[in-house]
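**Student:** Got a structure here, written out as structure tokens. Questions coming.
Protein chains: 2
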Amino acid sequence: MELDSGTGVPANIAAAWGLRERPGKGPKPGLTLDGIVQAGIRVAAADGIAAVSMSRVAAEAGASTMALYRYVRAKDELLELMMDAAIGDPPAIDPDAGWRAALTAWAWACREVYLAQPWTLRVPISGPPATPHQLAWMDAGLAALADTSLREEEKLSIILLLSMYVRNEAMVAADMQAAVQAVDTSLDEAIATYGKLLKLLVDPARFPALGRVIAAGVLDRADEPHEEFVFGLERILDGVGLLIAQRAGS
Amino acid sequence: MELDSGTGVPANIAAAWGLRERPGKGPKPGLTLDGIVQAGIRVAAADGIAAVSMSRVAAEAGASTMALYRYVRAKDELLELMMDAAIGDPPAIDPDAGWRAALTAWAWACREVYLAQPWTLRVPISGPPATPHQLAWMDAGLAALADTSLREEEKLSIILLLSMYVRNEAMVAADMQAAVQAVDTSLDEAIATYGKLLKLLVDPARFPALGRVIAAGVLDRADEPHEEFVFGLERILDGVGLLIAQRAGS
DNA sequence: CTGTTCTGTGTACGTTATACGCAGTACTAG
DNA sequence: CTAGTACTGCGTATAACGTACACAGAACAG
């Protein structure tokens, strides 16, 4: 059977929920799914997602390469399981804080998880969220909007928008940090290098608006570390606030 | 030399700007960089980015695998060049339309480019935008904000926020379309299947907010095709509008 | 006790990117 | 005109990858 217990749950998601049937016929399993997933996470944390090969994970777990395939259908499934395990559960959020404070806390927590484990940002997303911890984060985000008079559909859209934003912003931040560490320089210097590059390439006659940005010196120095994140977050929350006010008014 | 003409321009970006020096000593090149890039684009458009291997592109270009390396430093560079060629130049936007209409048109155009060539969404971003067409799109976006009283720094942040949003939303849309085509079903049906899956997995006692969304039937049917995109876009532009009003007021 | 079924493992295969060396070509210096 | 040089396209070789498959042994059901 492709699916477990005929419930119609896709195999990879069933694995994430621990629904794998392991009828007790053969020999005792010497490994555990969780052990393998943790081994994968250790490899990814140490040397990045590119280092996560089946043989490397198997070595870390103390088994042969092919043993992993008794627990995992394919590498993609392993990555999905690693991802789900790595993000863990969302933090508790004060339910009386108001939607804006709650969403802000949620977004910051999400970002911290990503930046603490940058490899999670490189795991290709394979579909709509359906693993336990992903749904837990979704639920926590939705809970922040529970007291508003938004339609359920709108709440969901907002959480999707926000989680997309946080993930993407974390990716950019992680990219920059990686680039900085690769050349062993400072963030300020990296930005300045980029600014100089654009100054070289951009002809203000051809790209006038971009030319004005460069001329204004925006790219001469780095922002405060999290300034970019806060800026986008505040714009989005402002927009959400407008909708909430609108729904409350009508 | 790693760099061209000692200008300090990284090799891959120099290639994108056509700054490669090809001193006329050896035999006449039988291929052109552009021809190779176009061959790569044909392969990607036909069979997706996973089909873009050096040997496949070489076959499409009518040359041997290793010949490509005379024009391209590595596969990553080829992908970057393909990406830049594929997005092309942004459309002209009515400069008197006002910032909101202009940004909306810009975002839609950007989204169309991505969805017309979904493989571009799978090209890993390798750093801040520095290729000619990327900068052209950035300039077009910034131009939409030219008449506002925002600081240049803010304009840039807004364009980055918006382009991130469009790209991400296009990725999700492309993912869904791919999933739908893979199982050869309708979009409505795919959403409903996902809804049923969540209904099965989500315990409303453990995930109350998510339970309410599901109970409200949000996932029983698909939205209008572009509804999700419009929703997020409007929220972001609302937030931007608030900032513009604030800056104009003070 | 005798299947039956699951375990871990070794081997093998097909792909991938790309480093390297070679033969031939078009230009430049003399 | 000739020698040298730098570049071309190409074939081969290498290391790594995911994973299909077959097999030996272990634990259970009857």
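These protein sequences, in sequence, are chains A and F.
For what it's worth, this note's numbering labels the leading residue of the first sequence as 26, then goes sequentially.
For what it's worth, this note's numbering labels the leading residue of the second sequence as 26, then goes sequentially.
Glycine included, every Cβ here is placed at the ideal spot set by N, Cα and C.
Everything numeric in this text was worked out from a predicted model, so none of it was measured.
(1) Let's see if you can read the secondary structure: which residues bound the alpha helix (DSSP H) around F/TYR190?
(2) May I ask which residues mark the beginning and end of the alpha helix (DSSP H) holding A/TRP124?
(3) Can you name, in chain order, every residue of its own chain whose Cβ lies under 8 Å from the Cβ of A/GLY266, other than the five neighbours on each side?
(4) Report the three-state DSSP secondary structure of F/HIS158 (helix, strand or coil).
(5) Fully enclosed by the stretch 92-119 of chain A, which alpha helix (DSSP H) runs are 4 residues long or longer?
(6) If contact is defined by three or more beta carbon pairs under 8 Å, each pair taking one atom from either stretch, is the stretch 173-184 of chain A in contact with the stretch 231-240 of chain F?
(7) So which residues on chain A does F/PRO153 lean against when the C-beta distance must stay under 7 Å?
(8) Starting from F/ASP248, trace the alpha helix (DSSP H) both ways and give me its first and last residue.
(9) Run through chain A and tell me which residues come within less than 8 Å of F/SER275, C-beta to C-beta.
(10) Is F/ASN193 close to chain A? Criterion is C-beta to C-beta, closer than 7 Å.
(11) Starting from F/TRP131, find everything on chain A with Cβ-Cβ shorter than 8 Å and list it in chain order.
(12) With 7 Å set as the bound, which would you pick, yes or no: does the beta-carbon of A/GLU105 sit closer than that to a beta-carbon of chain F?
(13) Comparing C-alpha positions only, which one of A/ALA122, A/GLN142, A/PRO153, A/VAL191 sits nearest to A/ALA169?
(14) For F/LEU225, count neighbouring Cβ atoms within 10 angstroms of its own Cβ and tell me buried if that reaches 16, exposed if not.
(15) Please state whether DSSP places A/PRO54 in a helix, a strand or coil.
(16) Quick check on DSSP: helix, strand or coil for F/ALA84?
(17) Answer yes or no: do F/ALA276 and F/PRO154 have a C-beta to C-beta separation smaller than 7 Å?
(18) Pick helix, strand or coil for F/SER30, following the three-state DSSP scheme.
(19) Taking its Cβ as the centre, do 16 or more other Cβ atoms sit within 10 Å of A/ARG260, making it buried, or is it exposed?
(20) What three-state label does DSSP hand F/ALA165 in the structure shown?
(21) Starting from A/GLY43, find everything on chain F with Cβ-Cβ shorter than 9 Å and list it in chain order.
(22) Return the first residue and the last residue of the alpha helix (DSSP H) that F/PRO233 is part of.
(23) Pairing CB atoms from the stretch 39-46 of chain F with CB atoms from the stretch 92-110 of chain F, are three or more of them under 8 Å?
(24) Let me check you understand the geometry: is the CB of A/GLU178 closer than 6 Å to at least one non-hydrogen atom of the ligand GDP?
(25) Give the C-beta separation of A/TYR190 and F/TYR139 to the nearest angstrom, bearing in mind that I take them to be a contact with Cβ-Cβ under 8 Å.
(26) Taking just the CA atoms, how far does A/VAL227 sit from F/HIS158?
(27) Note down, in chain order, each residue of its chain lying with its Cβ closer than 8 Å to the Cβ of F/MET26, except the 5 sequence neighbours on either side.
(28) Starting from F/PHE256, find everything on chain A with Cβ-Cβ shorter than 7 Å and list it in chain order.
(29) Taking DSSP as the reference, what is the three-state secondary structure of A/ALA144?
(30) Determine the extent of the alpha helix (DSSP H) in which A/ALA39 is found, giving its start and end residues.
(31) Grab me the residues of F/GLY113's own chain with a C-beta within less than 8 Å of its C-beta, minus the 5 sequence neighbours each way, in chain order.
(32) DSSP on A/ILE150, reduced to helix/strand/coil?
(33) With DSSP collapsed to three states, give me the class of F/GLY220.
**Tutor:** Answer, in terms of the structure:
(1) Segment 177-208, the alpha helix (DSSP H) holding F/TYR190.
(2) Segment 124-141, the alpha helix (DSSP H) holding A/TRP124.
(3) Leaving aside the five residues that flank A/GLY266 on each side, the residues in its chain whose CB is nearer than 8 Å to its CB run, in chain order, ARG125.
(4) F/HIS158: helix per DSSP, three-state reduction.
(5) Contiguous alpha helix (DSSP H) elements confined to the stretch 92-119 of chain A occur at 100-112, taking only those with 4 or more residues.
(6) Below 8 Å, enough C-beta pairs join the stretch 231-240 of chain F and the stretch 173-184 of chain A to call them touching: three or more.
(7) Taking the beta carbon of F/PRO153 as reference, the chain A residues within 7 Å of it are TYR219, listed in sequence order.
(8) Premise fails: F/ASP248 is in no alpha helix (DSSP H) and is neither H nor E.
(9) Within 8 Å Cβ-Cβ: nothing; F/SER275 doesn't reach chain A, min ~16 Å.
(10) Yes, because at least one Cβ of chain A sits closer than 7 Å to the Cβ of F/ASN193.
(11) Among the residues of chain A, none has a CB under 8 Å from the CB of F/TRP131; the nearest is roughly 12 Å distant.
(12) The C-beta of A/GLU105 comes no closer than 7 Å to any C-beta of chain F.
(13) That would be A/ALA122, whose Cα lies nearest to the Cα of A/ALA169.
(14) The Cβ neighbour count for F/LEU225, taken over all protein chains shown within 10 Å, is under 16; the residue is labelled exposed.
(15) Annotated three-state conformation of A/PRO54 is coil, per DSSP.
(16) Residue state, collapsed to three classes: helix.
(17) Nothing can be reported for residue 276 of chain F: it is not among the residues displayed for chain F, which extend from 26 to 275.
(18) Bear in mind that the predicted position of F/SER30 carries a pLDDT of just 45, short of 50, making it unreliable; the figure below should be weighed with that in mind. Here F/SER30 sits in coil by DSSP.
(19) Counting Cβ neighbours within 10 Å, A/ARG260 comes out buried, since at least 16 surround it.
(20) For F/ALA165, the secondary structure class from DSSP, reduced to helix, strand or coil, is helix.
(21) Here the premise fails: no neighbours, minimum Cβ distance about 11 Å.
(22) 233-240 is the extent of the alpha helix (DSSP H) around F/PRO233.
(23) Yes, since at least three Cβ pairs between the stretch 39-46 of chain F and the stretch 92-110 of chain F fall closer than 8 Å, the two stretches touch.
(24) As for the ligand GDP, it is missing from this structure, which has no ligand bound.
(25) The C-beta distance from A/TYR190 to F/TYR139 rounds to 17 Å, too long to fall under 8 Å, and the pair is not in contact.
(26) Near 11 Å, if we compare the C-alpha coordinates of A/VAL227 and F/HIS158.
(27) Low local confidence applies: a pLDDT of 33 at F/MET26 is under 50, so the model's placement there is unreliable, with the coordinate-based value given in what follows. If we look at F/MET26 and ignore the five residues flanking it on each side, it has no Cβ neighbours.
(28) In chain order: SER182.
(29) The sequence given here places Trp at residue 144 of chain A; Ala does not occur at that position. Correct three-state label for A/TRP144: helix.
(30) From DSSP, the alpha helix (DSSP H) with A/ALA39 extends over 36-41.
(31) In its chain, beyond the 5 residues on either side, VAL138, HIS158 have a beta carbon closer than 8 Å to the beta carbon of F/GLY113.
(32) Looking at A/ILE150 - three-state DSSP - the assignment turns out to be coil, as it is neither helix nor strand.
(33) Here F/GLY220 sits in helix by DSSP.
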